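Each residue of the sequence shown is one higher than the last, beginning at 181 in this note's numbering. Written below as structure tokens is the structure these notes are about.
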Amino acid sequence: MSAGPNRREFVASAIKGAAVLAGAPLLTIGGARPRRPRARLAAGHIEILTAEPVGVIAPEIQGHFVEHLGGVVYDGIWVGEDSRIPNYGGIRKALVDALKAIRPAVARWPGGCFADSYDWRDGIGDPASRPRRTNIWADDANIRNLGNIPARFDPNRFGTNEFMRFARLVGAEPYMAANVRTLPARAFAEWVEYCNSPKGSTTLAEQRAAGGDPDPFNARYWGIGNESWGCGGNFTPDEYAMEFRRFATWPVPDYGVGLRFIGSGPSGNDRAWTRRFFEKLAERREVNRMWGWALHHYCSARNGEAVAFDEPAWYELLTSANRMESLITAHWDLMSELDRQHRVKLVVDEWGAWHGMTTNVEPYHLFGQQSTVRDALVAGLTLDTFNRHADKVAMANIAQLVNCIQSLFLADEDRFLVTPTYHVFAMYAPHQGATSLRTEFSAPGAAWTDGDGNAHSLQTIDGSASMHDRTLTITVTNRHIAEAQAVDIAIRGASVRSARATTLRSRDVHDHNTFERPDTVRPVSADVAASGTTFAYEFPAASVTRLDLELA
Ligand code: AHR
181 MSAGPNRREF
191 VASAIKGAAV
201 LAGAPLLTIG
211 GARPRRPRAR
221 LAAGHIEILT
231 AEPVGVIAPE
241 IQGHFVEHLG
251 GVVYDGIWVG
261 EDSRIPNYGG
271 IRKALVDALK
281 AIRPAVARWP
291 GGCFADSYDW
301 RDGIGDPASR
311 PRRTNIWADD
321 ANIRNLGNIP
331 ARFDPNRFGT
341 NEFMRFARLV
351 GAEPYMAANV
361 RTLPARAFAE
371 WVEYCNSPKG
381 STTLAEQRAA
391 GGDPDPFNAR
401 YWGIGNESWG
411 CGGNFTPDEY
421 AMEFRRFATW
431 PVPDYGVGLR
441 FIGSGPSGND
451 RAWTRRFFEK
461 LAERREVNRM
471 WGWALHHYCS
481 ARNGEAVAFD
491 EPAWYELLTS
501 ANRMESLITA
511 HWDLMSELDR
521 QHRVKLVVDE
531 WGAWHGMTTN
541 VEPYHLFGQQ
551 STVRDALVAG
561 LTLDTFNRHA
571 DKVAMANIAQ
581 LVNCIQSLFL
591 ADEDRFLVTP
601 TYHVFAMYAP
611 HQGATSLRTE
621 FSAPGAAWTD
631 GDGNAHSLQT
641 IDGSASMHDR
651 TLTITVTNRH
661 IAEAQAVDIA
671 IRGASVRSAR
681 ATTLRSRDVH
691 DHNTFERPDT
701 VRPVSADVAA
711 SGTTFAYEFP
721 AASVTRLDLE
731 LA
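Below is the structure:
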């Protein structure tokens, strides 16, 4: 610890317990009367250690994921150039405008499991001549009786040039997922050539130009397969290591782009899989060919309700989301043994809350679900986890952008809304590119009992902090479903001049946005009375908060 009292002294003095005036601004939520600040004993403590940087938060941590699945592409993103729905060259205007505003650094496409069946050549050239292909999700029980819809039979209207148009419009870098299961390495090399070979240089560059893009896309990020232990080929780690080498080994022409290959990681926290794969790559000194190692983590609660969840399911979902922490640290520790200099970073290229029961707005929006205040907390606590491990996590992609698992948007024909999860991304945008600082959060646990009668406790508040110039951004989730948390916040090594809070909460934790009431859940901002090196703040129950502190 660098400046000020050490942690034990700090906690002790706080516990002795000067009553602190709750610092939360007066808020009016949904017409309710303003709440009075109450004098409360601070039970929680946050220390921000401004002299202890963790690393720069990669903007790509706030990345996205677009798969040809259900209503993600067709209806969600692609509405068609001749549509009455406002669009930019066929791409839904409202979605572009909203997404661009939150600075989406990167977008992954075309899958997911779909990627390992996709032939990129089907999605280029004259749209009228592109083949229709059976989507791998066609037989899913939820859509198999819905006829010849795009979710089942892909018209290939949205291909590489269209995806690049989308990425350009929103300001995201493309992250392409290559097909390892059903295409040879040559097809991958040619996709790279199609995307990146210089203007006029190759036949594929000319085909790209015919699609409207003479200039190369300079696509840097290339995933070598997806979930290769499962839908991506059902490979053993030994087999996948062989495939990885076949696809990514030198020479894949780089075209001066600086290609970054991402290996498809294990199922869940299967460290044996990771260990074996790295060992096999190391045998041929190929670990260096990999830039990132992909992890996936979907959190869930047993009762599976997206909206009508009960209190245990609130805590169960957040506890499940919180496992991101151990997924990252366990893998990082293991990788320390196999890649001592940590040249390979972690890429969490699928994460989100996946509820068992669907609440989609259209039956063909496969895995479509509503996003409540609970999902907003999943987003906040997960982004905080990535921030705290900014030295380890180089990219992350929430699954999936629109009309799907934990989406930022729901769209149906001309109807469109942003979810509470979107608002969390907007709130966390200032962390992008800022320096993550070491933080210490201590707080009481929220006690909860699972369906089997087992007692658990979840730390009520946690979060992250980052610094950019003289602005300190602190984001905090209060996971207690019903109780506000009074907290002392100490800024070690700096002093606060002014502060402002942005808070996302709602009257009811089940609240969510609908096409009829799109602003039910949205953040509210207010000034906060805070100055000096320590101040008190009260985080409302079931909330996500961002504090913007201007430092003296
Ligand atoms: O996001 C939905 C699916 O979940 C993806 O296609 C797959 O990679 C994962 O199992």
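Note that CB positions come from ideal geometry on N, CA and C, so glycine has one too. Computed from a prediction, not measured in an experiment: that's the story for all the values here.
Measuring straight from C-alpha to C-alpha, what distance separates residue i and residue j?
i      : j      : result
Phe294 : Asp529 : 14 Å
Leu507 : Thr539 : 28 Å
Leu588 : Ala635 : 33 Å
Gly613 : Val236 : 6 Å
Ile257 : Met344 : 13 Å
Glu491 : His660 : 10 Å
Glu730 : Thr682 : 14 Å
Ala474 : Ala709 : 42 Å
Pro703 : Pro720 : 13 Å
His476 : Glu696 : 34 Å
Ala626 : Asp699 : 29 Å
Tyr355 : His603 : 23 Å
Thr657 : Arg520 : 34 Å
Ala732 : Ile671 : 12 Å
Phe621 : Ser444 : 33 Å
Leu652 : Arg618 : 12 Å
Phe314 : Glu419 : Strictly speaking, residue 314 in this sequence is Thr, with Phe absent from that position. Looking at the two C-alpha atoms, the distance is approximately 27 Å.
Leu497 : Arg451 : 23 Å
Asp388 : Ala231 : The amino acid occupying residue 388 in the given sequence is Arg; Asp does not appear at that position. Rounded to whole angstroms, Arg388 to Ala231 spans 49 Å at the Cα level.
Arg791 : Gly380 : Here the chain covers residues 181 to 732 and nothing more, so residue 791 does not appear.
Gly532 : Val276 : 21 Å
Ala204 : Arg687 : Confidence is the limiting factor: at Ala204 the pLDDT is only 36, short of 50, which leaves the residue's position unreliable, though a coordinate-based value still follows. Each residue's Cα considered, the two are about 16 Å apart.
Asp262 : Thr562 : 39 Å
Leu557 : Tyr401 : 29 Å
Lys767 : Thr565 : Residue 767 cannot be examined here, being either before or after the span of the chain that is shown, 181 to 732.
Lys299 : Lys280 : Looking at the sequence itself, residue 299 is Asp, so the reference to Lys does not match. When rounded, the distance between both Cα atoms is 29 Å.
Ile271 : Val259 : 6 Å
Val553 : Gln586 : 12 Å
Ala357 : Ile654 : 34 Å
Leu206 : Glu718 : Bear in mind that the predicted position of Leu206 carries a pLDDT of just 27, short of 50, making it too unreliable to give a figure here.
Thr362 : Trp317 : 16 Å
Arg215 : Leu461 : Confidence at Arg215 is low in this model, with a pLDDT of 38, below 50, so the placement of that residue should be treated as unreliable; the coordinate-derived value is given next. Straight-line Cα distance between these residues: approximately 59 Å.
Arg188 : Gly673 : Residue placement at Arg188 is poorly supported in this model, since its pLDDT is 32, which falls under 50; the coordinates still yield a value, given next. Each residue's alpha carbon lies about 17 Å from the other.
Within 10 angstroms of its Cβ, does residue i collect 16 or more other Cβ (buried), or is it exposed?
i      : result
Asp513 : exposed
Ala722 : buried
Ser309 : exposed
Asp691 : buried
Arg218 : In this prediction, Arg218 has a pLDDT of 43, which is less than 50 and means its spatial position is unreliable; nothing more can be read from the coordinates.
Ala706 : exposed
Thr629 : exposed
Arg650 : exposed
Thr454 : buried
Arg471 : Per the sequence shown, residue 471 should be read as Trp rather than Arg. The residue is buried, with at least 16 neighbouring Cβ atoms inside 10 Å.
Arg464 : exposed
Ala321 : exposed
Gly243 : buried
Ala212 : Since pLDDT at Ala212 reaches only 32, below the 50 mark, its modelled position is unreliable, and no value is offered.
His522 : exposed
Gly438 : exposed
Asp319 : exposed
Trp430 : exposed
Asn376 : buried
Pro446 : buried
Asp668 : buried
Met515 : buried
Residue i: beta carbon under 6 Å from a heavy atom of the ligand AHR?
i      : result
Ala579 : yes
Gly126 : Only positions 181 to 732 of the chain appear in this structure, which leaves residue 126 out of reach.
Cys479 : no
Gly292 : yes
Asn414 : no
Glu407 : yes
Can you find a C-beta in chain D that's less than 7 Å from the C-beta of residue i?
i      : result
Asn322 : Reference to chain D is not applicable here, since this structure consists of a single protein chain.
If you scan the region 437-496 from start to end, which runs of the alpha helix (DSSP H) of 4 or more residues do you find wholly inside it? For the alpha helix (DSSP H) assignment, the uninterrupted runs of no fewer than 4 residues enclosed by the region 437-496 are, from N- to C-terminal side, 451-463.
Restricting to runs no shorter than 4 residues, where is the alpha helix (DSSP H) found entirely within the region 344-422? DSSP runs (the alpha helix (DSSP H)) wholly in the region 344-422: 365-376 and 383-390.
Could I get the ranges of all uninterrupted alpha helix (DSSP H) runs contained in the region 514-585, with 4 residues as the minimum, in chain order? The alpha helix (DSSP H) runs of length 4 or more contained entirely in the region 514-585 are, from start to end of the chain, 553-568.
Write down every uninterrupted run of the beta strand (DSSP E) in the region 263-317 whose length is 3 residues or greater and which is fully enclosed by it, in chain order. For the beta strand (DSSP E) assignment, the uninterrupted runs of no fewer than 3 residues enclosed by the region 263-317 are, from N- to C-terminal side, 286-289.
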